[in-house]
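Enquirer: Handing you this structure, nothing more for now.
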Amino acid sequence: MLRRIAIAAAVAAVALGGSAYAANEGRPPKDVHFSFQSPLGSYDMAAVQRGFQVYAQVCSTCHSMEHLSYRNLGEPGGPFAEYSVRNHQTGEMENRVGLPAGEHGEYVDVVNNPYVRAIAAGFQVPDIDQTTGEVTQRPARPSDHFRNPFANEYAARAANNGALPPDLSVITLARAGGAAYVFSILTGYTGEMRGTQYVNDYFPGRLISMPPPLASDGLVTYSDGTTATRDQMARDVAQYLQWAADPHMEARKTMGVQVIIFLLVLSALLYLAYKAVWRGQSH
Amino acid sequence: MSGSSTYEPKSGFTRWLDKRLPIIRLTHDSFVAFPTPRNINYWWTFGAMLSLCLGVQIVTGIVLAMHYQPNIHDAFASVQRIQRDVPFGWLIQNLHAVGASMFFLAVYVHMFRGIYYGSYKAPREVLWILGCLIYVLMVATAFLGYTLPWGQMSFWGATVITNILGAIPFVGESIQVWIRGGGAIDQPTLNRFFSLHYLLPFVIAGVVVLHVWALHEAGQNNPTGVEPKTKDDTVPFTPYATMKDLFATSLFLILFATFVFFMPQALGHSDNFIPANPVQTPSEIVPEWYLLPFYAILRAFDFNIGPIDSKTAGVFAMFASIGVLFILPWLDTSRVRSMRYRPAARWWFMIFVAVALALGWCGGQNPSTVLAQPGSFRATLNWIANGQTSQQRIQVASPAAFQAASDAAEAQLRAQGATMTSVVRESGTTALALGVSRGSPETRVITAATSDDLEAEITAAKAQIGGSSPFVAIKREAPFQFTVTRFAQLLTAYYFFFFIVLLPLLGLREKPNRVPDTIAKSVLGQTQGAS
Chain Z
1 MLRRIAIAAA
11 VAAVALGGSA
21 YAANEGRPPK
31 DVHFSFQSPL
41 GSYDMAAVQR
51 GFQVYAQVCS
61 TCHSMEHLSY
71 RNLGEPGGPF
81 AEYSVRNHQT
91 GEMENRVGLP
101 AGEHGEYVDV
111 VNNPYVRAIA
121 AGFQVPDIDQ
131 TTGEVTQRPA
141 RPSDHFRNPF
151 ANEYAARAAN
161 NGALPPDLSV
171 ITLARAGGAA
181 YVFSILTGYT
191 GEMRGTQYVN
201 DYFPGRLISM
211 PPPLASDGLV
221 TYSDGTTATR
231 DQMARDVAQY
241 LQWAADPHME
251 ARKTMGVQVI
261 IFLLVLSALL
271 YLAYKAVWRG
281 QSH
Chain S
1001 MSGSSTYEPK
1011 SGFTRWLDKR
1021 LPIIRLTHDS
1031 FVAFPTPRNI
1041 NYWWTFGAML
1051 SLCLGVQIVT
1061 GIVLAMHYQP
1071 NIHDAFASVQ
1081 RIQRDVPFGW
1091 LIQNLHAVGA
1101 SMFFLAVYVH
1111 MFRGIYYGSY
1121 KAPREVLWIL
1131 GCLIYVLMVA
1141 TAFLGYTLPW
1151 GQMSFWGATV
1161 ITNILGAIPF
1171 VGESIQVWIR
1181 GGGAIDQPTL
1191 NRFFSLHYLL
1201 PFVIAGVVVL
1211 HVWALHEAGQ
1221 NNPTGVEPKT
1231 KDDTVPFTPY
1241 ATMKDLFATS
1251 LFLILFATFV
1261 FFMPQALGHS
1271 DNFIPANPVQ
1281 TPSEIVPEWY
1291 LLPFYAILRA
1301 FDFNIGPIDS
1311 KTAGVFAMFA
1321 SIGVLFILPW
1331 LDTSRVRSMR
1341 YRPAARWWFM
1351 IFVAVALALG
1361 WCGGQNPSTV
1371 LAQPGSFRAT
1381 LNWIANGQTS
1391 QQRIQVASPA
1401 AFQAASDAAE
1411 AQLRAQGATM
1421 TSVVRESGTT
1431 ALALGVSRGS
1441 PETRVITAAT
1451 SDDLEAEITA
1461 AKAQIGGSSP
1471 FVAIKREAPF
1481 QFTVTRFAQL
1491 LTAYYFFFFI
1501 VLLPLLGLRE
1511 KPNRVPDTIA
1521 KSVLGQTQGA
1531 S
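Protein sequence lines correspond, in order, to chains Z and S.
What the first sequence shows, in this note's numbering, is residues 1 to 283, in sequence order.
What the second sequence shows, in this note's numbering, is residues 1001 to 1531, in sequence order.
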């Protein structure tokens, strides 16, 4: 809230000063709406799933997400969490990804989640061969951290003209505009270049080392059939990165509603008790 | 108050215990029978909230310490692990981080209340000083705690604050190295900061015990500032004050929960989600919101005071701004305790609160941001159109002799009839002196809102004048700019003026309103206009 006041003050100061924004700061992020932004809003899990697909096929070539493990995808609140739900036509229990609104279901432990196992197995991670002691590659397991595309910072810089692709685990918390900033960066390229850098009005300093990652429509083929326009992909990956940075948001908001309702009732009761105690006492 | 205990042990066990360890008697006398002025208002409920905050910070902190790793390579990741993988870790970490802000929110209200109602006046000086000590310990603990996540703001905040200590005359640098555990912020710093961050809350708890002890010895102040005289003036602490405290604390918890559950990061800085990087300074280094007023005072000193350089002066002023609170009981000379009956002082107090908030705002801004600029940037361009140019080469043996040679060349050109001269320096020892004679002298004044705009207009004007004159003399004038730093200087001046000049003088000069004889009379009499 304080930051919002500070931003408002800064905007007012800039308006008085006459220039739209200082040259070394990027433009304020685009005014883009996400379902999770409202106080009670939740993630659009289909978008988080699609966003993960964009991350896995595009972003993960350069960007690590070292604080996440593949199992996080299938934990409660994750995009591939599986639940055992009764099929109302057949009466049988079936496993399905996500809990449909109003349904009850039992969470299926991520160890038994075939989607997460398959996703993990699609990545090769380094390991030590226990018979030879040599460094080998093996398919990832759900318990593995997300594969780091580079062995170390020097390798990452060497492959990217000296620039270091930041880790994306908490990127929406680490940038002032959050998911809207991510969306604006991904869709904010003007198409111009200066040397090896690209002009992007939403990036501080206006020159970004990252080549336009979503250069054309249809870069990924969404498994749910959604048309993969550049805007759609940017939105989806922004939503996915927000989930990655704040995976317990839905549980947090749900508990928050319960706590606030409890405290409101408690306050009302305490107020009545306070009134009753002080009745007859002037103060 | 001490001496007259009303506790009567009811059972055999409590009678037995009372003779050996009268702890139930102490609790009864302190928190049940303790006489409380019947007129205390909601501003008095923040003490209860503060004890709750201390409890919440200690309990959540102990749990966090079970999972946190004070290691520069693992600290950031361990906080992420707490947020992601520790069951309800996100809740505990949010409670602890938001709890620090709530703690300071409550302590500021508590302190402003103490100043308004004169709660520091005799016989409560020691009570007040213990409170100030708790506040200083809270600041230290909060600063140490903010370092632990080892994000960019953690690292650079620690760098800035330990640099501040380096400004202390003579011993500063030794202290700086001693605190950091080396020349720079590194693993030893994090380790000791973690250790001290775990230690200090228990020191705070100890001083809180003394604070409460002093409170029970002197008794609570109240909105009239009149000491209770008879039993009519007071009610027992329980259930009267307890119920009021519980109700107010419940409302406070709603605010607390709103931040914890719906905007846990709103009070923090996004840069602290970037892992600490000693080779990359963030574009702005700011402390948490509750320390911004003192940060603004520190930065307000952008000028040297005689032999004292600006940094030392700022550090001194920042420490003095907290230090002055310790001697407040002796700065305020008024015989009337509560500002409710001090018509002038209460207005100066309201301004003081506004100044403190404004200082906080300044602390979060870029110090060079221009808030108001009454004039505009001006440049006066002088040149001679269509004159005749003459030139003279200057060549000297050493750069030291250059000025004399260039003055001589210009004087010579003027003697030859040039009305304007200019020296274009080419190297340390060579230059070209230009003179213009005849032609028509021209003048143009350019004004612009910013210096960038002015330079652009000057460039445009020069292009327009072009070849008609070999050179243009430009005189630039910058207008007065009211920057954030200037604003903070005014506010800082008022901050100290309030304590050091106003309170001592007002107490002697001000004519207070009539103070009620007893608390009971103030309650039963006509309704008060002021709280």
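Positions of the beta carbon are idealized from the N, C-alpha and C atoms, including for glycine.
This one's a predicted model, so the numbers in the text were calculated from it and none came from an experiment.
Could you have a look at S:K1311 and say whether DSSP puts it in helix, strand or coil?
Expert: Walking along the second sequence from the start, residue 1311 of chain S turns up at place 311. Three-state result, S:K1311: helix.
Enquirer: So, do the stretch 142 to 153 of chain Z and the stretch 59 to 70 of chain Z have three or more beta carbon pairs nearer to each other than 8 Å?
Expert: yes
Enquirer: Hey, S:G1118 and S:G1225: beta-carbon distance below 9 Å or not?
Expert: As a first step, residue 1118 of chain S must be located in the second sequence, where it is residue number 118. As a first step, residue 1225 of chain S must be located in the second sequence, where it is residue number 225. Yes, the pair counts as a contact, with Cβ atoms nearer than the cut-off.
Enquirer: Please report whether the beta-carbon of S:Q1528 lies at a distance below 9 Å from any beta-carbon of chain Z.
Expert: Counting from 1 along the second sequence, the entry for residue 1528 of chain S is found at position 528. Legend: pLDDT at S:Q1528 = 46, less than 50; position of this residue unreliable, value from coordinates given subsequently. So no, S:Q1528 is outside the interface.
Enquirer: Classify Z:A22 as helix, strand or coil using the three-state DSSP reduction.
Expert: On the first sequence, position 22 is the one that residue 22 of chain Z refers to. Confidence is the limiting factor: at Z:A22 the pLDDT is only 46, short of 50, which leaves the residue's position unreliable, though a coordinate-based value still follows. Of the three classes helix, strand and coil, the one that applies to Z:A22 here is coil, per DSSP.
Enquirer: How long is the line joining the alpha carbons of Z:V48 and Z:Y222, rounded to whole angstroms?
Expert: Position 48 of the first sequence, counting from 1, holds the residue named residue 48 of chain Z. Position 222 of the first sequence, counting from 1, holds the residue named residue 222 of chain Z. Each residue's Cα considered, the two are about 12 Å apart.
Enquirer: With DSSP run on the structure shown, which of helix, strand or coil describes S:Y1494?
Expert: Translated into the one-based positions of the second sequence, residue 1494 of chain S becomes position 494. DSSP places S:Y1494 in helix when its eight states are reduced to three.
Enquirer: Would you tell me roughly how many angstroms separate the C-alpha atoms of Z:G133 and Z:P126, rounded to the nearest one?
Expert: Taking the first sequence and counting its residues from 1, one reaches residue 133 of chain Z at position 133. Taking the first sequence and counting its residues from 1, one reaches residue 126 of chain Z at position 126. Taking the straight line joining both Cα atoms gives about 12 Å.
Enquirer: Rounded to the nearest angstrom, how far is the Cβ of Z:L186 from that of S:F1247, given a contact under 8 Å?
Expert: Position 186 of the first sequence, counted from the first residue, corresponds to residue 186 of chain Z. Position 247 of the second sequence, counted from the first residue, corresponds to residue 1247 of chain S. So it is not a contact: roughly 50 Å between Cβ atoms.
Enquirer: Taking C-beta to C-beta, are Z:Y43 and Z:M249 nearer than 9 Å?
Expert: As a working note, residue 43 of chain Z is residue 43 in the first sequence. As a working note, residue 249 of chain Z is residue 249 in the first sequence. Their beta carbons are under 9 Å apart, which means Z:Y43 touches Z:M249 by this criterion.
Enquirer: Excluding five sequence neighbours on each side, which residues of the same chain lie with their C-beta closer than 8 Å to the C-beta of S:S1051?
Expert: Mapped onto the second sequence, residue 1051 of chain S falls at position 51. Sequence-distant partners of S:S1051 (beyond 5 residues in either direction) whose C-beta falls short of 8 Å from its own C-beta, in its chain, are V1208.
Enquirer: Just checking my contact of Z:V32 with Z:A180 at CB under 8 Å: how many whole Å lie between their CB atoms?
Expert: Mapped onto the first sequence, residue 32 of chain Z falls at position 32. Mapped onto the first sequence, residue 180 of chain Z falls at position 180. Here Z:V32 really is in contact with Z:A180; their C-beta atoms are around 5 Å apart, less than 8 Å.
Enquirer: Less than 9 Å between CB atoms is the rule here; does Z:S282 satisfy it with respect to chain S?
Expert: In the first sequence, the residue the question calls residue 282 of chain Z occupies position 282. Output row for Z:S282: interface = yes.
Enquirer: Counting only beta-carbon separations shorter than 9 Å, does Z:L264 have a partner in chain B?
Expert: This model lacks chain B altogether, as its protein chains are Z and S.
Enquirer: Can you tell me which of S:A1158, S:F1194 and S:P1275 puts its alpha carbon nearest to the alpha carbon of Z:I171?
Expert: The count along the first sequence starts at 1 and reaches residue 171 of chain Z at position 171. Out of S:A1158, S:F1194 and S:P1275, S:P1275 has the C-alpha closest to the C-alpha of Z:I171.
Enquirer: When the cut-off is 9 Å and only beta carbons count, does S:D1517 lie next to chain Z?
Expert: In the second sequence, residue 1517 of chain S corresponds to position 517, counting from 1. By this cut-off, S:D1517 is not an interface position.
Enquirer: Under a CB-based cut-off of 9 Å, is S:M1102 close to chain Z?
Expert: Locating residue 1102 of chain S in the second sequence gives position 102, where the first residue counts as 1. No, S:M1102 lies away from the interface with chain Z (no Cβ there is under 9 Å from its Cβ).
Enquirer: Identify the contact partners of Z:A215 in chain S, using a Cβ-Cβ distance below 8 Å as the criterion.
Expert: Stepping through the first sequence from its first residue, residue 215 of chain Z is reached at position 215. The premise fails here: Z:A215 is roughly 27 Å from chain S at the closest Cβ pair, so nothing lies under 8 Å.
Enquirer: Identify, in the order they occur along the chain, each residue of the same chain with its Cβ nearer than 8 Å to the Cβ of Z:I128, setting aside the five sequence neighbours on each side.
Expert: Position 128 of the first sequence, counted from the first residue, corresponds to residue 128 of chain Z. Taken in chain order, the residues that qualify are E134, V135 and T136.
Enquirer: Does the stretch 1103 to 1119 of chain S come close enough to the stretch 1334 to 1343 of chain S that 3 or more CB-CB pairs lie under 8 Å?
Expert: Touching, yes.
Enquirer: Would you mind telling me which residues of chain Z sit closer than 7 Å to S:M1350, beta carbon to beta carbon, in chain order?
Expert: Here residue 1350 of chain S refers to the residue found at position 350 of the second sequence. The contacting residues do not exist; S:M1350 stays about 21 Å from chain Z at best.
Enquirer: Here's the rule I'm using: 16 or more other beta-carbon atoms within 10 Å means buried, otherwise exposed. How should Z:Y154 be labelled?
Expert: Start at 1 with the first residue of the first sequence, and residue 154 of chain Z comes out as number 154. Looking at its Cβ environment, which holds fewer than 16 other Cβ atoms inside 10 Å, Z:Y154 is exposed.
Enquirer: So what does DSSP say about Z:Y271, is it helix, strand or coil?
Expert: Residue mapping note: residue 271 of chain Z aligns to position 271 of the first sequence, counting from 1. Correct three-state label for Z:Y271: helix.
Enquirer: Is the Cβ-Cβ distance between S:G1364 and S:V1315 less than 9 Å?
Expert: Stepping through the second sequence from its first residue, residue 1364 of chain S is reached at position 364. Stepping through the second sequence from its first residue, residue 1315 of chain S is reached at position 315. Not a contact, by the Cβ cut-off of 9 Å.
Enquirer: Over what stretch of residues does the beta strand (DSSP E) that includes Z:N200 continue unbroken?
Expert: Here residue 200 of chain Z refers to the residue found at position 200 of the first sequence. For Z:N200, the enclosing beta strand (DSSP E) stretches over residues Q197 to N200.
Enquirer: Find the residues of chain Z that neighbour S:R1393, judging by a C-beta separation of less than 8 Å, and give them in chain order.
Expert: Taking the first residue of the second sequence as 1, we reach residue 1393 of chain S at position 393. The contacting residues do not exist; S:R1393 stays about 41 Å from chain Z at best.
Enquirer: Leaving out the 5 sequence neighbours to the left and right, which residues in its chain are closer than 6 Å to Z:D201 when beta-carbon positions are compared?
Expert: Counting from 1 along the first sequence, the entry for residue 201 of chain Z is found at position 201. Its chain contains R27 and G188 as the residues whose beta carbon lies nearer than 6 Å to that of Z:D201, once the 5 sequence neighbours on both sides are disregarded; these appear in chain order.
Enquirer: I'd like the list of long-range same chain contacts for Z:D217, defined as Cβ closer than 7 Å, with 5 residues on each side in sequence excluded.
Expert: By one-based count along the first sequence, residue 217 of chain Z stands at place 217. Here the set comprises A228, T229 and R230.
Enquirer: Compare the C-beta of S:V1059 with all C-beta atoms of chain Z and state if any pair is closer than 9 Å.
Expert: Here residue 1059 of chain S refers to the residue found at position 59 of the second sequence. Chain Z contact via Cβ: absent.
Enquirer: Enumerate in chain order the residues of its own chain whose CB-to-CB distance from S:A1520 is below 8 Å, with the five nearest sequence positions on each side excluded.
Expert: Residue mapping note: residue 1520 of chain S aligns to position 520 of the second sequence, counting from 1. Closer than 8 Å at Cβ, skipping near neighbours: R1038, T1230, D1232 and D1233.
Enquirer: If you draw a straight line from the C-alpha of S:T1045 to the C-alpha of S:F1252, how long is it?
Expert: To locate residue 1045 of chain S, count along the second sequence from 1; it is residue 45. To locate residue 1252 of chain S, count along the second sequence from 1; it is residue 252. Cα to Cα, the separation comes out at about 10 Å.
Enquirer: Could you tell me how far apart the beta carbons of S:S1440 and S:A1385 are, in whole angstroms, since I believe they sit closer than 8 Å?
Expert: Position 440 of the second sequence, counted from the start, is the residue given in the question as residue 1440 of chain S. Position 385 of the second sequence, counted from the start, is the residue given in the question as residue 1385 of chain S. Correct: roughly 5 Å between the Cβ atoms.
Enquirer: How about S:A1317 and S:F1496: do their beta carbons lie closer than 9 Å?
Expert: By one-based count along the second sequence, residue 1317 of chain S stands at place 317. By one-based count along the second sequence, residue 1496 of chain S stands at place 496. Taking 9 Å as the Cβ cut-off, S:A1317 and S:F1496 qualify as a contacting pair.
Enquirer: List in chain order: all unbroken alpha helix (DSSP H) runs of 4+ residues lying wholly within the stretch 1027 to 1097 of chain S.
Expert: 1046 to 1067 and 1075 to 1084
Enquirer: Could you give the C-beta distance for Z:V108 and Z:Y83, rounded to a whole number, given that I count them as a contact under 8 Å?
Expert: Stepping through the first sequence from its first residue, residue 108 of chain Z is reached at position 108. Stepping through the first sequence from its first residue, residue 83 of chain Z is reached at position 83. Confirmed, about 6 Å.
Enquirer: Under 9 Å, Cβ to Cβ, is there at least one residue of chain S near Z:H248?
Expert: As a first step, residue 248 of chain Z must be located in the first sequence, where it is residue number 248. Answer yes: the Cβ-Cβ gap between Z:H248 and chain S drops below 9 Å somewhere.
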